[in-house]
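A.B. asks: For any residue, its number in the numbering used here is found by taking its place in the sequence shown, counting from 1, and adding 133.
This structure is in structure tokens; I'll ask about it shortly.
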Amino acid sequence: MLELNSSNLAEYLFSNHRISVPNPTIEPLSGGVSALVFKITTQDQCFVLKQACKQLRVKEVWLSDPARIEQEFLFLRAFHSLAPRGYLAEPLWHDNKNHAIAMTLAPAPATPWKTELLNLIADRVRAEQAATILAAIHNKGPSLKKDFPELLDKTIFQQLRIEPFYERLTLQFPEYSARIHSLRKSLLEESPTLCHGDFSPKNLLLHPEGMTLVDHETAHFGDYTMDLGLFLAHLVLKCLYAKSNRSLYAELIRSFLKAYQSNAGICDLNAQESVLGHLGVVLLTRVSGTSRVDYLDEAQKQEARMLAQTLLKGDIKNWESFPPYSW
């Protein structure tokens, strides 16, 4: 595998006939902790190139097979034509040998929704847009199962979510191991629905035409309630960050749940205990586990930790008793 960078990328693209000129404009983009991402521009082309990293860029050891990038390309192929207009990039080509893919660019200027949230901008329309695309993924997933059986493979999801989030957490907090093991078991069971596995404000790009979802390496046929728990955990963390404005951010939670419910179809919110359990796991992982947020102070982290532990004890069983729902 050739690790791509700004120095060798032009030669790689030109020699592999991906571009027609030897001197494209190359702009590094944020790839989070798991990938190298570049914007490639020539006179007649403009696209994003993404290459998966073997060691994720976090403090702890966190390895994952870079072949996971093929899972992302597969999800784009499977779902692009079914997604609401503009919500997904179009897949262009993939290089299995070097674990790289190319896709169309989101309309400019595009910024992660996370950036807006950390700037204390709470727009309920964004929450409703997010609910629309997640409900579409969950509802339309069953129609893809026959043509894309490769998405039944949970290997990458195991490496990037189950092992670092669920299995490591049981070692840190053995008092919650029974609850976490039960949730983990549900993630490994066969399901007709698509689970994205990384649906968060960081991966929702805002632009003049709406919103585009990126980063699909963990997509698979699986338990859709994990998506809901993960996404809501991120909104709860933003509520805590907002301090005196937390009521505005709590409105995002309510707006998201209402919009998801109205679009959910076969996937509804009746499995509230499961959603709340996954929410607790993600919340605790983000403040005490492998993948920690960097924008909360110690008091906010402790509040998140206490809420997560209450969730994992099973003391909160529905939205009406979920504290952030009424903040």
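By construction, the Cβ of each residue, glycine as well, lies at the ideal position given by its N, Cα and C atoms.
Taking residue 391 as part of the beta strand (DSSP E), name the residues at either end of that continuous run.
C.D. replies: Counted from its first residue, the sequence shown places residue 391 at position 258. Not the beta strand (DSSP E): residue 391 falls in the alpha helix (DSSP H), residues 379-396.
A.B. asks: Go through the segment 210-271 residue by residue and report every complete run of the beta strand (DSSP E) that reaches 3 residues or more, in order.
C.D. replies: With a minimum length of 3 residues, the continuous beta strand (DSSP E) runs that stay inside the segment 210-271 are 224-228 and 233-236.
A.B. asks: Hey, how far is the Cα of residue 426 from the Cα of residue 419?
C.D. replies: Locating residue 426 in the sequence shown gives position 293, where the first residue counts as 1. Locating residue 419 in the sequence shown gives position 286, where the first residue counts as 1. Spanning the two alpha carbons is a distance of roughly 6 Å.
A.B. asks: In chain order, what residues of the same chain have a beta carbon less than 8 Å from the beta carbon of residue 543, not counting five sequence neighbours either side?
C.D. replies: As displayed, the chain neither begins before 134 nor continues past 460, which places residue 543 out of reach and without an answer.
A.B. asks: How close, in whole Å, do the beta carbons of residue 279 and residue 321 come, if the pair is a contact with beta carbons under 8 Å?
C.D. replies: Here residue 279 corresponds to residue number 146 of the sequence shown, with the count starting at 1. Here residue 321 corresponds to residue number 188 of the sequence shown, with the count starting at 1. The Cβ separation is near 22 Å, so there is no contact.
A.B. asks: Note down the Cα distance separating residue 196 from residue 187, rounded to an integer number of angstroms.
C.D. replies: As a working mapping, residue 196 is identified with position 63 in the sequence shown. As a working mapping, residue 187 is identified with position 54 in the sequence shown. So the alpha carbons of these two residues sit roughly 6 Å apart.
A.B. asks: The beta strand (DSSP E) that contains residue 450, what's its start and end?
C.D. replies: Numbered from 1 along the sequence shown, position 317 holds the residue referred to as residue 450. From DSSP, residue 450 is part of no beta strand (DSSP E); its letter is neither H nor E.
A.B. asks: In its own chain, which residues sit with a C-beta less than 7 Å from the C-beta of residue 275, not counting the 5 before and 5 after it?
C.D. replies: For the purposes of this step, residue 275 is taken as the residue at position 142 of the sequence shown. Same-chain partners within the cutoff: 325 and 326.
A.B. asks: Kindly list the residues whose CB is nearer than 6 Å to the CB of residue 303, restricted to its own chain and excluding five residues on each side of it in sequence; keep chain order.
C.D. replies: Residue mapping note: residue 303 aligns to position 170 of the sequence shown, counting from 1. Contacts found: 310 and 313.
A.B. asks: Counting along the chain, where does the alpha helix (DSSP H) carrying residue 332 start and finish?
C.D. replies: Translated into positions along the sequence shown, residue 332 becomes position 199. It is not in any alpha helix (DSSP H) - residue 332 carries neither H nor E in the DSSP assignment.
A.B. asks: Can you give the beta carbon distance from residue 338 to residue 245, rounded, assuming they're within the 8 Å contact cut?
C.D. replies: Along the sequence shown, one-based indexing puts residue 338 at 205. Along the sequence shown, one-based indexing puts residue 245 at 112. The Cβ separation is near 6 Å, so the contact holds.
A.B. asks: State whether the segment 225-243 contacts the segment 357-369, with contact taken as three or more CB pairs (one from each stretch) at a distance under 8 Å.
C.D. replies: The segment 225-243 vs the segment 357-369: no contact.
A.B. asks: Under a three-way DSSP split, which group does residue 362 fall into?
C.D. replies: To locate residue 362, count along the sequence shown from 1; it is residue 229. Looking at residue 362 - three-state DSSP - the assignment turns out to be helix.
A.B. asks: Should residue 218 go down as buried or exposed, given a rule of 16 or more other Cβ atoms within 10 Å for buried?
C.D. replies: Counting from one through the sequence shown, the residue named residue 218 turns up at place 85. The residue is exposed, with fewer than 16 neighbouring Cβ atoms inside 10 Å.
A.B. asks: By DSSP's criteria, residue 343 is part of a beta bridge. Which residues make up the other side?
C.D. replies: By one-based count along the sequence shown, residue 343 stands at place 210. Residue 343 is bridged to 340.
A.B. asks: Could you tell me the distance, in whole angstroms, from the CA atom of residue 333 to the CA atom of residue 300?
C.D. replies: If you number the sequence shown from 1, residue 333 lands on position 200. If you number the sequence shown from 1, residue 300 lands on position 167. Cα to Cα, the separation comes out at about 21 Å.
A.B. asks: Under DSSP, the alpha helix (DSSP H) around residue 417 begins and ends at which residues?
C.D. replies: In the sequence shown, the residue the question calls residue 417 occupies position 284. Here the alpha helix (DSSP H) through residue 417 covers 405-421.
A.B. asks: Ignore the nearest five residues each way along the sequence and tell me which others in residue 137's own chain have a CB closer than 8 Å to its CB.
C.D. replies: Here residue 137 is taken as the residue at index 4 of the sequence shown, counted from 1. Result list for residue 137: 145, 169, 171, 182, 184, 231 and 233, in chain order.
A.B. asks: Please list, in chain order, all residues of the same chain as residue 386 whose beta carbon is under 7 Å from its beta carbon, the five residues on each side excluded.
C.D. replies: For the purposes of this step, residue 386 is taken as residue 253 along the sequence shown, with counting starting at 1. If we look at residue 386 and ignore the five residues flanking it on each side, its Cβ neighbours are 365, 368, 457 and 458.
A.B. asks: Among the candidates 277, 240, 389 and 224, whose CA atom is the shortest distance from the CA of residue 263?
C.D. replies: One-based indexing of the sequence shown puts residue 263 at position 130. Residue 263 has its Cα closest to that of 389, out of 277, 240, 389 and 224.
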